[in-house]
Amino acid sequence: MTTTSDAPSDSDVIDDASGAGRGGAAVPSATLGGEQKRSLEQITLLLFIVVPFLALLAAVPLAWGWGVSWLDLGLLVFMYYLGCHGITIGFHRYFTHGAFKAKRPLRIALAVAGSMAVEGPLVRWVADHRKHHKFSDAEGDPHSPWRFGESVPALMKGLWWAHIGWMFDEEQTSQEKYAPDLIKDPAIRRVSRQFLLWTIVSLGIPPLVGGLVTMSWWGAFTAFFWGSLVRVALLHHVTWSINSICHAVGKRPFRSRDRSGNVWWLAVLSCGESWHNLHHADPTSARHGVMRGQVDSSARIIRWCEQLGWAYDVRWPSKARIEARRAPAAAESRREARSADAA
Numbered sequence: 135m136t137t138t139s140d141a142p143s144d145s146d147v148i149d150d151a152s153g154a155g156r157g158g159a160a161v162p163s164a165t166l167g168g169e170q171k172r173s174l175e176q177i178t179l180l181l182f183i184v185v186p187f188l189a190l191l192a193a194v195p196l197a198w199g200w201g202v203s204w205l206d207l208g209l210l211v212f213m214y215y216l217g218c219h220g221i222t223i224g225f226h227r228y229f230t231h232g233a234f235k236a237k238r239p240l241r242i243a244l245a246v247a248g249s250m251a252v253e254g255p256l257v258r259w260v261a262d263h264r265k266h267h268k269f270s271d272a273e274g275d276p277h278s279p280w281r282f283g284e285s286v287p288a289l290m291k292g293l294w295w296a297h298i299g300w301m302f303d304e305e306q307t308s309q310e311k312y313a314p315d316l317i318k319d320p321a322i323r324r325v326s327r328q329f330l331l332w333t334i335v336s337l338g339i340p341p342l343v344g345g346l347v348t349m350s351w352w353g354a355f356t357a358f359f360w361g362s363l364v365r366v367a368l369l370h371h372v373t374w375s376i377n378s379i380c381h382a383v384g385k386r387p388f389r390s391r392d393r394s395g396n397v398w399w400l401a402v403l404s405c406g407e408s409w410h411n412l413h414h415a416d417p418t419s420a421r422h423g424v425m426r427g428q429v430d431s432s433a434r435i436i437r438w439c440e441q442l443g444w445a446y447d448v449r450w451p452s453k454a455r456i457e458a459r460r461a462p463a464a465a466e467s468r469r470e471a472r473s474a475d476a477a
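This is the structure in structure tokens:
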């Protein structure tokens, strides 16, 4: 593992709570359990990983043999992108990095939408990710694929760790240290504590809609299979791939003190998160796909929210800011290209 770290300043990781958690009043007690993960939590986590994954494996032969209805497919796509944007816009760019400020209704809506991705309680998710940025691909990073070394066997082991294994680590990131601003917000604490409720809602909407539309238990079952189980499995593995794949491979046109890379083929499914090299070069940027042709649906939705007045003080990257973060080789290539065009 490398010994350098991508350690952002407080402004890189603290949300728009005006610096809550820096000195000041004491942070309330932890809201989501202690510093050690209990056996029951680990068993529950295992079930939430294995059961949807088995459904994902069964999806291909089932779709080939019996097909999938437009209703089930629509529920899968809608619920997938609702949860995915809840994570990318809400949990990640807003709550973790403060890439923009939000009116109170949008703030709560993003907390709920992210919770419906079934990736863990909000405060815990943010604490883990802020710690990741502080020690990115260095000692202390919760989920670096380079944890065990740089040989091929070590990297294979590290990819497994970064993708899934780290979630079973008994030691948890201190929420009081890494997310004091969120703990101090009663509404956000409430949403974070209600993670089980939002999980039930997330898994329950597809079968409820499927059953009511088809007026059959079979319609409810197939909607649950595709819109709940397969959707959760697909979203989980796309999200986890940002931790594993995007820190092991990909192009690195921007300077960062880690091994984050841009992986183009994950861009649509990850809602723009796989332009990961720019994100680690400029963590507070509201847009990750800053180059021509880089799809970033999360940035587009943030723009719409800004135009509607729901989001404000958005940290859009300027051309000068982008150029200042280019890796030396990439910057030189661009200068040569501009010179050739001028000639």
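Numbering (the working numbering), first residue to last: 135 to 477.
Cβ atoms here follow ideal geometry from the backbone N, Cα and C, with glycine treated the same way.
Which of helix, strand or coil DSSP assigns to residue i
| i | result |
| --- | --- |
| K268 | helix |
| K291 | helix |
| A445 | strand |
| A236 | strand |
| E273 | coil |
| E440 | helix |
| A401 | coil |
| P417 | coil |
| Q176 | helix |
| G423 | coil |
| R434 | helix |
| R455 | helix |
| F282 | coil |
| W450 | coil |
| A189 | helix |
| R156 | With a pLDDT of 44 at R156, under the threshold of 50, the modelled position of that residue is not reliable, and the figure given next carries that caveat. Here R156 sits in coil by DSSP. |
| V194 | helix |
| V260 | helix |
| V429 | coil |
| A251 | coil |
| I242 | helix |
| I183 | helix |
Candidates the options, of which the one nearest residue i by Cα
| i | options | result |
| --- | --- | --- |
| T373 | G248, L244 and F234 | G248 |
| A251 | L240, I223 and D271 | I223 |
| L289 | L337, D271 and A415 | D271 |
| D416 | S431, S432, R391 and W438 | R391 |
| E305 | H226, P341 and A261 | A261 |
| E457 | R434, L400, L191 and P387 | P387 |
| G254 | A243, I221 and G283 | I221 |
| Y446 | L180, G232 and L179 | G232 |
| S278 | I242, H381 and R389 | H381 |
| L400 | E284, C439, S378 and V325 | S378 |
Cross-strand partners of residue i (DSSP beta bridge)
| i | result |
| --- | --- |
| N396 | K385 and W409 |
| L460 | Correcting the residue type first, residue 460 is Arg in the shown sequence and not Leu. R460 pairs with F388. |
| Y312 | In DSSP, Y312 forms no bridge with anything. |
Cβ separation of residue i and residue j, assumed to be a contact under 8 Å, to the nearest whole Å
| i | j | result |
| --- | --- | --- |
| P276 | W294 | Contact doesn't hold; Cβ gap of about 14 Å is too wide. |
| S431 | C405 | 5 Å |
| V347 | L205 | 6 Å |
| A367 | A189 | 6 Å |
| V402 | A420 | 19 Å between Cβ atoms; not a contact. |
| Y312 | R264 | 4 Å |
| L210 | V364 | 6 Å |
| W332 | V246 | 6 Å |
**OP:** May I have a chain-ordered list of the alpha helix (DSSP H) segments no shorter than 4 residues that lie completely inside the stretch 314-378?
**Re:** 314-317, 320-327, 329-348, 351-357 and 365-378
Original post:
Which parts of the stretch 199-239 are runs of the alpha helix (DSSP H), unbroken and 4 residues or longer, counting only runs that do not cross its ends?
Top reply: 204-219
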